[in-house]
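Colleague: In the numbering used here, the protein residues as written are 63 to 441.
(1) Note the first and the last residue of the continuous alpha helix (DSSP H) segment covering residue 329.
(2) Could you have a look at residue 72 and say whether DSSP puts it in helix, strand or coil?
(3) Identify whether residue 219 lies in helix, strand or coil by the three-state DSSP scheme.
(4) Is residue 366 closer than 7 Å to residue 91 when the C-beta atoms are compared?
(5) Check whether the Cβ atoms of residue 205 and residue 193 lie closer than 7 Å to each other.
(6) Locate the alpha helix (DSSP H) running through residue 155, then write down its first and last residues.
(7) So which of 207, 294, 350, 238 has the shortest CA-CA distance to residue 306?
(8) Three or more beta-carbon pairs under 8 Å between the segment 80-87 and the segment 129-136, yes or no?
(9) Kindly list the residues whose CB is nearer than 6 Å to the CB of residue 63, restricted to its own chain and excluding five residues on each side of it in sequence; keep chain order.
(10) Is it true that the segment 297-305 meets the segment 342-357, where meeting means three or more beta-carbon pairs spaced less than 8 Å apart?
(11) In this structure, does DSSP put residue 431 in helix, strand or coil?
(12) For a quick check, are the C-beta atoms of residue 251 and residue 285 less than 7 Å apart?
(13) Just curious, the alpha helix (DSSP H) that residue 375 is in, first and last residue?
(14) So for residue 301, helix, strand or coil by DSSP?
(15) Have a look at residue 382 and residue 242 and give me their C-alpha separation to the nearest angstrom.
(16) Starting from the C-beta of residue 187, find all residues in its chain whose C-beta is less than 7 Å away, skip the five residues before and the five after it, and write them out in chain order.
(17) Drop a sphere of 10 angstroms on the beta-carbon of residue 179, count the other beta-carbons inside from all chains shown, and report buried for 16 or more, exposed for fewer.
(18) By alpha-carbon positions, which one of 267, 315, 263 ends up nearest to residue 122?
(19) Less than 6 Å between C-beta atoms, sequence neighbours within five positions excluded: which residues of the same chain meet that for residue 259?
(20) Any idea what DSSP makes of residue 258, helix, strand or coil?
(21) Quick check for students: name the residue ranges of the alpha helix (DSSP H) that lie wholly in the segment 185-257, counting only runs of 4 or more.
(22) Closer than 8 Å by C-beta to residue 263: which residues in its own chain qualify, once you throw out the five before and the five after it? Chain order, please.
(23) Can you have a look at residue 99 and say buried or exposed, based on whether 16 or more other CB atoms are within 10 angstroms of its CB?
(24) Judging by CA-CA distance, which residue of 209, 277, 219, 96 is the nearest neighbour of residue 113?
(25) Start and end of the alpha helix (DSSP H) containing residue 436?
(26) Decide if residue 430 is buried, meaning its Cβ has at least 16 other Cβ atoms within 10 Å, or exposed.
(27) By Cβ distance below 7 Å, which residues in the same chain neighbour residue 201 in space, the five residues on each side in sequence not counted?
(28) How many Å lie between residue 88 and residue 410 at the Cα?
(29) Would you kindly report the start and end of the unbroken alpha helix (DSSP H) that includes residue 125?
(30) In whole angstroms, what separates the C-alpha of residue 130 from that of residue 86?
(31) What three-state label does DSSP hand residue 409 in the structure shown?
(32) How is the alpha helix (DSSP H) around residue 357 delimited, first residue to last?
(33) Counting C-beta neighbours from all protein chains within 10 Å, is the total for residue 124 16 or more, i.e. buried, or is it exposed?
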């Protein structure tokens, strides 16, 4: 029987969390700068002010770094499902109350802190007030779908809303459905998500916001992570790909991300199916990095990158707010329009502020959440 005290810890997930958060920071920073001031020299602008061929590829690659959100969903689906499956295996039950308390203590404190100070931030940058109630109810993604507006400072909170919806239903799914029926259930959810995107694309005049933000539309990536957890729970995975194939996959991903927007859907089929191409490549690379023995000690276990992975939630939550404030104050108000200064300040503050928040605010609360662990995890 599995030792009930054996701790669950996937050390490489911390590295991936940080990389996903950093990708999103770069995406938000670049999109904001280019949105206000056009092209920047790092994207290879020719003397006539247009992109060079290389510049076009690089510009599109950076604009597609928002796919870091899907990486977060894959990781969440995997880790949450694996912990629930292990709890069910070790104790023959799932303490759903303790699961919800743990998730609440991890997500809510910072989430509601930012909601509490949001009126001050909105007033500071003179922005249109967002819907505080919809975001407080974790319905922010549906609010954006309804209004078709990305309002500061909640424009990126939609991902947390999607994950909260997942957390509400998933422990019941894992607990109530026998394990032999879980895999068909997971496939059903993926097909439902797939079908929802096709239906939205075929029946709506402008379905982009629904396809991009709706919980049903995003559920499949979370469930793909859950499928990996299912197989790993059955038998620990050793996943190896040849170094040359790994390099080719990485180059294929970079090249494909530099060609066109990931979220450009010209047909119902592309709206439903297109993202699986990118998710498929990313999933193989993530499996290789996490379950290939060659990467087990690729970085020291207590490296600064691992630490930043623990802080990645704060990096994501604070990052877009910092981008908007720096853009508003430094660039628009003080007219300091130097790209490297903007990016340096944004990246620095997007690391420093979350670290302070984690150490002084989040970490003490996380210590409380450990009291509600059934299966021990190490972070």
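Just so it is clear, CB atoms sit at the ideal spot from N, CA and C, and this is done for glycine as well.
Modeller: In short:
(1) Walking along the chain shown from the start, residue 329 turns up at place 267. Element bounds for residue 329: n/a, residue is neither H nor E.
(2) The sequence position of residue 72 within the chain shown is 10, counting from 1. Per DSSP, reduced to three states, the secondary structure at residue 72 is coil, with no helix or strand assignment.
(3) As a first step, residue 219 is located in the chain shown; it is residue number 157 there, counting from the start. Secondary structure of residue 219 (DSSP, three-state): coil.
(4) To locate residue 91, count along the chain shown from 1; it is residue 29. To locate residue 366, count along the chain shown from 1; it is residue 304. Their beta carbons are not under 7 Å apart, which means residue 91 does not touch residue 366 by this criterion.
(5) For the purposes of this step, residue 205 is taken as residue 143 along the chain shown, with counting starting at 1. For the purposes of this step, residue 193 is taken as residue 131 along the chain shown, with counting starting at 1. Cβ distance < 7 Å, so residue 205 and residue 193 count as in contact.
(6) Reading the chain shown from its first residue, position 93 is the one you call residue 155. Neither: residue 155 is in no alpha helix (DSSP H) and is coded neither H nor E.
(7) The count along the chain shown starts at 1 and reaches residue 306 at position 244. Comparing Cα-Cα distances from residue 306 to each of 207, 294, 350, 238, the minimum goes to 350.
(8) yes
(9) On the chain shown, residue 63 is found 1 positions in, with the first residue counted as 1. With a pLDDT of 36 at residue 63, under the threshold of 50, the modelled position of this residue cannot be trusted; read the value that follows with caution. Cβ neighbours of residue 63 beyond the five flanking positions: none.
(10) yes
(11) For the purposes of this step, residue 431 is taken as the residue at position 369 of the chain shown. Correct three-state label for residue 431: helix.
(12) Within the chain shown, residue 251 is the residue found at index 189, counting from 1. Within the chain shown, residue 285 is the residue found at index 223, counting from 1. Yes. Within cutoff.
(13) Here residue 375 is taken as the residue at index 313 of the chain shown, counted from 1. Where residue 375 is concerned, the enclosing alpha helix (DSSP H) stretches over 374-388.
(14) Here residue 301 is taken as the residue at index 239 of the chain shown, counted from 1. Coil at residue 301, not helix or strand.
(15) The sequence position of residue 382 within the chain shown is 320, counting from 1. The sequence position of residue 242 within the chain shown is 180, counting from 1. Cα to Cα, residue 382 sits roughly 42 Å from residue 242.
(16) What you label residue 187 is simply residue 125 of the chain shown in a count that begins at 1. The answer, listed in chain order, is 214, 386, 387, 390.
(17) As a first step, residue 179 is located in the chain shown; it is residue number 117 there, counting from the start. The residue is exposed, with fewer than 16 neighbouring Cβ atoms inside 10 Å.
(18) Taking the chain shown and counting its residues from 1, one reaches residue 122 at position 60. Of the candidates 267, 315, 263, the one whose C-alpha sits nearest the C-alpha of residue 122 is 315.
(19) Against the chain shown, residue 259 aligns to sequence position 197. Here the set comprises 273, 279, 333, 334.
(20) By one-based count along the chain shown, residue 258 stands at place 196. In the three-state scheme derived from DSSP, where H, G and I count as helix and E and B as strand, residue 258 is classed as helix.
(21) 194-198, 202-209, 220-238
(22) The residue you call residue 263 lines up with position 201 of the chain shown. Around residue 263: 269, 273, 327, 329, 330, 333, 334.
(23) Here residue 99 refers to the residue found at position 37 of the chain shown. Counting Cβ neighbours within 10 Å, residue 99 comes out exposed, since fewer than 16 surround it.
(24) Indexing the chain shown from 1 puts residue 113 at position 51. When C-alpha distances from residue 113 are compared across 209, 277, 219, 96, the shortest belongs to 96.
(25) Taking the first residue of the chain shown as 1, we reach residue 436 at position 374. Premise fails: residue 436 is in no alpha helix (DSSP H) and is neither H nor E.
(26) Here residue 430 is taken as the residue at index 368 of the chain shown, counted from 1. When all chains shown are included, residue 430 counts as exposed.
(27) For this step, residue 201 is matched to residue 139 along the chain shown. Contacts found: 223.
(28) Locating residue 88 in the chain shown gives position 26, where the first residue counts as 1. Locating residue 410 in the chain shown gives position 348, where the first residue counts as 1. About 12 Å.
(29) The count along the chain shown starts at 1 and reaches residue 125 at position 63. Residues 115-125.
(30) By 1-based counting over the chain shown, the position of residue 130 is 68. By 1-based counting over the chain shown, the position of residue 86 is 24. Distance between the alpha carbons of residue 130 and residue 86 is about 6 Å.
(31) Working through the chain shown from its first residue, we reach residue 409 at position 347. Reduced to three states, the DSSP call for residue 409 is helix.
(32) Taking the first residue of the chain shown as 1, we reach residue 357 at position 295. Per DSSP, residue 357 belongs to no alpha helix (DSSP H) and is neither H nor E.
(33) Numbered from its first residue, the chain shown carries residue 124 at position 62. So residue 124 counts as buried.
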